[in-house]
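Enquirer:
In the working numbering, the protein residues as written are 3 to 196.
1) Round the Cβ separation of residue 189 and residue 130 to the nearest angstrom and send it over; I've been treating them as touching at under 8 Å.
2) So within the region 70 to 127, which uninterrupted alpha helix (DSSP H) runs reach at least 4 residues, ignoring any that extend past its ends?
3) Give the range of the alpha helix (DSSP H) segment to which residue 184 is assigned.
4) Would residue 122 pass as a contact of residue 7 if the rule is Cβ separation under 8 Å?
5) Would you call residue 40 buried or exposed, if buried means 16 or more other Cβ atoms sit within 10 Å of its Cβ?
6) Give the single residue among 192, 5, 4 and 14 whose Cα lies nearest to the Cα of residue 132.
7) Give me the Cα-Cα distance between residue 69 and residue 157, rounded to the nearest whole angstrom.
8) In this structure, does DSSP put residue 12 in helix, strand or coil?
9) Considering only their Cβ atoms, is the gap separating residue 175 from residue 28 smaller than 8 Å?
10) Anyone know if the C-beta pair for residue 72 and residue 153 falls short of 8 Å?
11) Assuming the contact rule is C-beta atoms closer than 8 Å, residue 1 and residue 20 should be a hit. Round their C-beta distance to whole Å, please.
12) Closest to residue 34 by C-alpha separation, out of 101, 62, 149 and 117, would be which residue?
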């Protein structure tokens, strides 16, 4: 039984590495979001002739500046979509880890319900490991869906209040409570903590 738990823990170590990658991607997405919102906030100012003062005499300056800002914004949106694809890859990796771990536990030795609940010393039960991994998968799937929705709602027409609300959701990551994630890993890797 200990061997099975150790194998499950090994898979969960890889999942923990994906969590670190997720955090890095979230920082990148927040930076991209901030860059996009900076451009969006400039667009109304650049759209009014009165803001150009003496530069109004330069032919096509307003259109050129607006065009360049829109190009920049589109490039940022493309980068954000690429970042979302990387989040999606992590979600797929987590789901594969869950599927493979379930297969390993149920396929190879076909553990009984009692064996799944069996505690060997300070090690977690197989059921605790699977439940923790399932919870992590659900959290990250839900958060990915939220991030995708948030990014799809951000347009060059977004108001400053909408942008502030969307940004707060990105920062908070409401579907991934840090304390719950830590609690899951504390249970799974209790033998390493002691």
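Positions of the beta carbon are idealized from the N, C-alpha and C atoms, including for glycine.
Expert: On the basis of the supplied data:
1) The residue you call residue 189 lines up with position 187 of the chain shown. The residue you call residue 130 lines up with position 128 of the chain shown. Indeed they touch by this definition, with Cβ atoms about 6 Å apart.
2) Counting only runs of 4 or more, we get 115 to 118.
3) In the chain shown, counting from the first residue as 1, residue 184 sits at position 182. Per DSSP, residue 184 belongs to the alpha helix (DSSP H) from 180 to 190.
4) On the chain shown, position 120 is the one that residue 122 refers to. On the chain shown, position 5 is the one that residue 7 refers to. Against a cut-off of 8 Å, the Cβ pair of residue 7 and residue 122 comes out as a contact.
5) Within the chain shown, the letter at position 38 stands for residue 40. Exposed, by the Cβ-count rule.
6) Along the chain shown, read from residue 1 onward, the residue named residue 132 stands at position 130. Selection 192, 5, 4 and 14 evaluated against residue 132 yields 14 as nearest (Cα-Cα).
7) Taking the first residue of the chain shown as position 1, residue 69 is located at position 67. Taking the first residue of the chain shown as position 1, residue 157 is located at position 155. Straight through space, the alpha carbons of residue 157 and residue 69 are spaced by roughly 15 Å.
8) Here residue 12 refers to the residue found at position 10 of the chain shown. Three-state DSSP puts residue 12 in a helix.
9) The sequence position of residue 28 within the chain shown is 26, counting from 1. The sequence position of residue 175 within the chain shown is 173, counting from 1. Taking 8 Å as the Cβ cut-off, residue 28 and residue 175 qualify as a contacting pair.
10) If you number the chain shown from 1, residue 72 lands on position 70. If you number the chain shown from 1, residue 153 lands on position 151. Their beta carbons are not under 8 Å apart, which means residue 72 does not touch residue 153 by this criterion.
11) With the chain covering only 3 through 196, there is no way to say anything about residue 1.
12) Within the chain shown, the letter at position 32 stands for residue 34. Just measuring C-alpha positions, the residue of 101, 62, 149 and 117 sitting nearest residue 34 is 149.
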